[in-house]
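Everything on this sheet refers to the single structure shown next.
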Amino acid sequence: MIIETTGLRKSFSSRAGREKKTVEAVRGVDLKVAEGEIFGFLGPNGAGKTTTLRMLATLITPDGGDATIAGVNLRKQPGDVRKVIGYVAQGGSTWDDSTAREELVLHARMYGISKTEAHKRASAALEAFELAEYANRKCKTYSGGQRRRVDIALGIIHQPKVVFLDEPTTGLDPQSRAHMWEEVRKLREMGMTVFLTTHYLDEADALCDRLAIMDHGQIVAEGTPAELKQEVLGDVVQVALPQNVAAAAEVFDSAEYVKKLETTDESIRLYVEDGASVIPQVLRTLDANGIKLTSVELHRPSLDDVFLAKTGRSLRES
Amino acid sequence: MKFLRDTWLVFQRQMLLLLRNPVWVVVGITQPLFYLLLFAPLMKKALGQGAELTDAQAYLIFVPGMLVMVALFTAFSGFGLIAELRAGVIERNRVTPVSRVALMLGRCLRDVVSLLFQAVLVTVLAVLFGMRVQLGNALLAYLLIALMALLLSSLGYALGLALKSEDALAPMLNTFIQPIMLLSGILLPMTLAPAWLQRVADFNPFSWAVKGVRELFAGNPGSPDVWKALVILVPLTVFTLVISSRAFAKSVR
Ligand SMILES: Nc1ncnc2c1ncn2[C@@H]1O[C@H](COP(=O)(O)OP(=O)(O)O)[C@@H](O)[C@H]1O
Ligand SMILES: [Mg+2]
């Protein structure tokens, strides 16, 4: 395991007027990341993803718990951790008036790399990330996608074993996003372990070898996307109702084809083995009890269903 | 070794950016220039107490004050740092093994260099207007204001890191710089002040600095005011450098 954490915790106290508030941003995170995989942290805004990453990147000290990254202890040797990791922050990291090349050379040199080697690596990175054309232009003239690629190039200029990418595609247009996914996969091909965060379901599903779903500072589920979806009990039939949600729930509760049932304000979610064959039965049951419905939808399980099953909320809504 | 190399790296980068956009140096020079042209002539009569001073004499009193005033402005260094924090540059630097002291010191040295550039410009202008000062004395005076710049810019960085917003930093600096400036005899020597005000000014390290620089410009490098200024400024500068490097090492958002 290239990353192992045990019981990582962090809380922040902030002052709102006279009141002192404490936010428990991360509440005991245990995880293992295998070498060479793309590991994803999926969770809504405020789940504690960035805080966990910042702890692992030695930017903030954990309140509790510990971690080992590429065999180096986070608390005892933060200086050595810095040498083996790269970190790409959520909000970007380039200076408007610098050029990509300048940023890359300086950043490499901050890792102790010699001047000539730094220039070589900068040129190679600019080629690899298709930035050579703009290399000597100021960063403020770049598009969002170009600027993000500079950020990633900076994060790996010293050839780290592990690279942390905080929301690498947030704010990018669909084309740049697809491009970025390719870049991330290339990092894995180069032998790096990638630890990224995202709040996009499709991204977690398509890009990550394994993921941990995070909510309110804790990991609520962990596994490959396929494993996680299997954990959810089969298909979901979602019945939207104009009223009488409670009454309908009572009716379905006793139906033997329903494995599990959840209600939201205007709908019921039925977890069933084979959704397609159950729909006629659902309609008949509603009809027999004189309950009107708005619509019926069949879902194959998605990561959102996993999130919903684990937290009672939909990731799309939160 | 690594620390020196890292400091040089940071300094180089900061100088490059400064030269790319030298508007702040230009802004920094216009204000002392206005004072030199529009205010210093007033002092000829005011300071002469009856007999009018010559241009040269007035400048010898006035230019040292101007130099310290320019040095005081380095306390505004925090604004640039907050912009860098916001851009994520500082955080990116902090994930590398680069020396934390170097992150701060490289920036301070940039501030010192740009200050010295302004100081030389002010002095040269005054010399063109007839002031005379010995090179050795001027260099010693530059050492004093360089110390001040180091002290104030590192303090500015510590404040910037602590407050993290321009809105909090601006009133803070204005509140402190204003009285420090008034109580250091920048425009008029504190010897003109009533006794109680002089006592208060004695607690202002920059008032001692102004006295020291004035003695140097007056051609008295052996004056006790010179070594007093050094004895006061050196430990203070070391202290703020330590505080500020700690702030860089500590977690910042
Ligand atoms: N420096 C900080 N001071 C106070 N609260 C913070 C700070 N950083 C994060 N938080 C809070 O911690 C929680 C988790 O934040 P974060 O880790 O950024 O979540 P995510 O990256 O999953 O969106 C949020 O409630 C956030 O407001
Ligand atoms: Mg985040």
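Residue numbers (the working numbering), protein chains in the order written: chain A, 950 to 1267; chain B, 494 to 746. Idealized CB from N, CA, C, for every residue including glycine.
- CA-to-CA, the gap between A:Val1181 and A:Ala1258 works out to about 7 Å.
- For the set B:Leu734, B:Ile736, B:Pro515, B:Gln524, the Cα lying nearest the Cα of B:Val561 is the one of B:Gln524.
- Taking 8 Å as the upper bound for CB-CB distance, A:Arg1058 and B:Leu502 are in contact here, some 6 Å apart.
- At least one beta carbon of chain A lies nearer than 8 Å to the beta carbon of B:Glu584.
- Neighbours of A:Leu1055 in chain B, taken as residues whose beta carbon is under 7 Å from its own, are Leu502, Arg506 in chain order.
- Residues close to ligand 1 by the beta carbon criterion (under 6 Å to any non-hydrogen atom) are, from first to last along the chain, A:Phe961, A:Ser963, A:Val972, A:Ala974, A:Gly992, A:Asn994, A:Gly995, A:Ala996, A:Gly997, A:Lys998, A:Thr999, A:Thr1000, B:Arg746.
- DSSP, reduced to helix, strand and coil, places A:Ala1170 within a strand of the structure shown.
- With the rule of 3 Cβ pairs closer than 8 Å, the segment 1045-1060 of chain A counts as touching the segment 1073-1086 of chain A.
- Under a criterion of Cβ atoms nearer than 7 Å, the residues of chain B adjacent to A:Tyr1036 are, in order, Val588.
- Within the same chain, Cβ atoms closer than 8 Å to the Cβ of A:Thr1234 are found at Val1200, Phe1201, Ala1204, the five residues on either side in sequence being excluded.
- Non-local beta-carbon contacts of B:Leu709 in its own chain, meaning distances under 7 Å to residues more than five positions away in sequence, involve Asn630, Leu633, Ala634, Val719 in chain order.
- Distance between A:Phe961 and A:His1165, taken at the CA atoms: about 14 Å.
- Within a 10 Å sphere around the beta-carbon of A:Leu1232 sit fewer than 16 other beta-carbons, which makes this residue exposed.
- The DSSP-derived three-state label of A:Asp1115 is strand.
- Buried is the label assigned to B:Phe555, since at least 16 other Cβ atoms lie within 10 Å of its Cβ.
- Each of B:Leu637, B:Leu598, B:Phe532 was checked against the Cα of B:Ala742, and the nearest Cα belongs to B:Leu598.
- Taking CB atoms only, B:Val591 has a neighbour in chain A less than 8 Å away.
- Contact between A:Val1245 and A:Gly1183 does not hold, since their C-beta atoms are separated by about 16 Å, which reaches or exceeds 8 Å.
- In terms of side-chain proximity, the C-beta atom of A:Glu1116 is found nearer than 7 Å to a non-hydrogen atom of ligand 2.
- Relative to the Cα of A:Leu1053, the nearest Cα in the group A:Gln1026, A:Gly1028, A:Gly1040, A:Lys1087 belongs to A:Lys1087.
- Chain-ordered listing is empty here: chain A has no CB closer than 7 Å to the CB of B:Leu578, the nearest sitting near 10 Å.
- Taken from the Cβ of A:Thr1146, at least one heavy atom of ligand 2 lies inside 7 Å.
- The closest heavy atom of ligand 2 lies less than 7 Å from the beta carbon of A:Gln1039.
- Counted as a single uninterrupted DSSP element, the beta strand (DSSP E) harbouring A:Gly989 occupies residues 987-991.
- Between A:Arg1137 and A:Gln1187, the gap from beta carbon to beta carbon reaches 8 Å or more.
- It is roughly 9 Å from the alpha-carbon of B:Leu666 to the alpha-carbon of B:Leu652.
- The count of Cβ pairs closer than 8 Å, one atom from the segment 596-616 of chain B and one from the segment 513-523 of chain B, reaches three, so the stretches are in contact.
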